[in-house]
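Numbering (our numbering), first residue to last: 3 to 641.
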């Protein structure tokens, strides 16, 4: 007779999570690290009770905002190359609605996270239950339906026995490199506490094997034929290359055959910045070296990239008339992009196989690449040394628009600074230990980080730019710290993103997880102000100004101090050096408030971003810019 065990649905869930393992490259580890929670009605008496009674090995962490703790879970997954996850549980209604942004962020970045929001009563006896929404056309719709379009797999559990098939399907999705992404299991709150006699075998140790898959021999040979014809090949290193742990293989391939490397945001630091053929970031936020190399290349080899508009400069980054594309990806759909030759397989295994098949090949790109890199190094040095002298009319800000010198002076006076953002960022890069991890997500900082941050140690650069979620920066840093408790973690955040979401600062303090927040304050949404004014519009609702037009100066250091952080306010290089030094000496979390002038971030470098623009306006500058943008659009690749 089959042995059974009587458990509540929630107890069965927790027991199952404790017995899931993943096997990759000969190593077998538990797949579920723990559970982030904010308990409320709908999960506190079900999942909460089960975790309280017997969490097993699961690390249970109390979050402060559903979106924040979910971002932390996604960041943790990314740092473990998608081979460890946190589950996230919330209450019904507003609690689950707060998960939507984070789930979308995880989906855009192909990061596995298990969402366990509570739901309304399956019995429909208390109806409508607190925080339940009501739709006239269907009683079955709840807030959790909002998670459907932002989940890789979604299910609703309305009977205890449904949990079994739902969990098996969920973990197939979570552990599959092709489908990795957020999974939502919405569990009715009355069902969470209901009992069922589950078969004991359901809770046995279950190992999910992730094997490295190779493309077919025919596909590999077609790719080899194309590479051998190429004079100037370039590899686009995407996030899939990082998750495959393909960095060493790609670095060796590039060095051996003289192949250029250019990085997406997700792929940056897969190969050290010190590699002689690593041109750095590609595209809208890319370096001049990478963008020049891309335009010059006659073969593009995309490894684990989705070719977002920022990577491809809205399909203007490459010479499409002369270039051929080869795409290596575990997702067949992604390999079809750019009308490429498709290599469906694991990045590391495929690169190693191509290496063996290409013996004797040599590109003609090496000398040019070294010159591009030298030029970019000189430009980076210039950006590092910018000294803003607003009284000197020869000074021109990095961003050329109609912001005006008088307005810059008002910001300098209100913020008590003339520090340039590029100078400050590069100085931090010089000051922190190379083994430190850096995190950012939205605003102008991802662009400056992509161009200017030089990670000499592999996989220490963590930028969420698949969704560019404002508010990810600090929460994500908590996830990174949980993944690397023995390393320093620096969260680079603008004042706009800080205001969006910083509640997990409290969680970091509560659990003794040291974060170093580097807050760049230019009193506004500087990135969007650049976009706005750079396309001919006047500055409008993107600056933080009072009703009388004066600059709003917020003391963010005092905010962090109130939470319990060690804080520093800096507005020049000497103060920054002292602040970073002291931040290293303390075991407490720190916040370094850097006041910088607007318009002192990087811009351009032969890139183009296709954004919506008004094609008719009473503003002559808007009409002029619209004509320019439409002209570039016309010449961009159409598919």
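Glycine residues also receive a C-beta, built at the ideal position from the N, C-alpha and C atoms.
- In its chain, beyond the 5 residues on either side, 290 have a beta carbon closer than 7 Å to the beta carbon of residue 381.
- Judged by DSSP secondary structure, residue 205 falls outside any alpha helix (DSSP H); it is assigned neither H nor E.
- Within the stretch 129 to 159, the runs of beta strand (DSSP E) that reach at least 3 residues and sit entirely inside it are, in chain order, 155 to 159.
- Going by C-alpha positions, residue 327 is about 20 Å away from residue 610.
- For residue 66 against residue 78, the beta-carbon gap comes to about 16 Å, at or over 8 Å, which does not count as contact.
- Taking a cut-off of 8 Å on C-beta distances, the stretch 519 to 530 does not touch the stretch 389 to 399, as fewer than three cross pairs fall below it.
- Residues 511 of the same chain have their beta carbon placed closer than 7 Å to that of residue 566, with the five preceding and five following residues left out of the count.
- Non-local beta-carbon contacts of residue 131 in its own chain, meaning distances under 7 Å to residues more than five positions away in sequence, involve 122 and 123 in chain order.
- Just measuring C-alpha positions, the residue of 226, 391, 197 and 409 sitting nearest residue 14 is 197.
- Residue range 29 to 32 is occupied by the beta strand (DSSP E) that includes residue 31.
- Annotated three-state conformation of residue 199 is strand, per DSSP.
- In the DSSP assignment, residue 596 falls within the unbroken beta strand (DSSP E) covering 592 to 597.
- The beta carbon of residue 336 sits closer than 7 Å to the beta carbons of 308 and 329 from its chain, once the five residues preceding and following it are set aside; these are given in chain order.
- The Cβ-Cβ distance between residue 274 and residue 460 falls below 8 Å.
- Taking C-beta separations shorter than 6 Å and ignoring five residues to either side along the sequence, the partners of residue 234 in its chain run 298, 299, 300 and 367, following chain order.
- Collapsing the DSSP output to three states places residue 399 in coil.
- Shortest Cα-Cα distance from residue 217 to any of 349, 549 and 113 involves 349.
- Bounds of any beta strand (DSSP E) do not take in residue 368; it lies within the alpha helix (DSSP H) bounded by 368 to 386.
- Put simply, of 252, 455, 267 and 126 the residue whose alpha carbon is nearest the alpha carbon of residue 433 is 455.
- For the stretch 31 to 72, the full-length alpha helix (DSSP H) segments reaching 4 residues or more read 49 to 55 along the chain.
- When 43, 184, 158 and 20 are compared, the shortest CA-CA separation from residue 103 is found for 184.
- The count of Cβ pairs closer than 8 Å, one atom from the stretch 341 to 359 and one from the stretch 252 to 267, reaches three, so the stretches are in contact.
- Secondary structure at residue 583: helix, using DSSP grouped into helix, strand and coil.
- In the DSSP annotation of this structure, the continuous segment of the beta strand (DSSP E) that includes residue 8 starts and ends at 6 to 10.
- A direct Cα-Cα distance of roughly 14 Å separates residue 621 from residue 542.
- Taking all protein chains in view, the Cβ of residue 615 is crowded by 16 or more other Cβ atoms within 10 Å, so the residue is classified as buried.
- Counting only residues of its own chain and dropping the five nearest sequence neighbours on each side, residue 61 has a CB closer than 7 Å to the CB of 35 and 36.
- Counted as a single uninterrupted DSSP element, the alpha helix (DSSP H) harbouring residue 507 occupies residues 506 to 512.
- Bridge partners of residue 122 according to DSSP: none are assigned.
- With respect to the 8 Å criterion, residue 285 and residue 241 are not classified as neighbours on the basis of their beta carbons.
- Taking each of 226, 56 and 641 in turn and checking the Cα distance to residue 353, the smallest one comes out for 226.
- Per DSSP, the continuous alpha helix (DSSP H) segment holding residue 424 begins and ends at 423 to 433.
- Each residue's CA atom was taken as its position, placing residue 613 and residue 27 some 43 Å apart.
- Under the DSSP definition of a beta bridge, residue 523 partners with 597.
- Between the stretch 413 to 429 and the stretch 551 to 570 there are three or more inter-stretch CB-CB distances shorter than 8 Å, so the stretches are counted as touching.
- Judged by DSSP in its simplified three-state form, residue 26 adopts strand.
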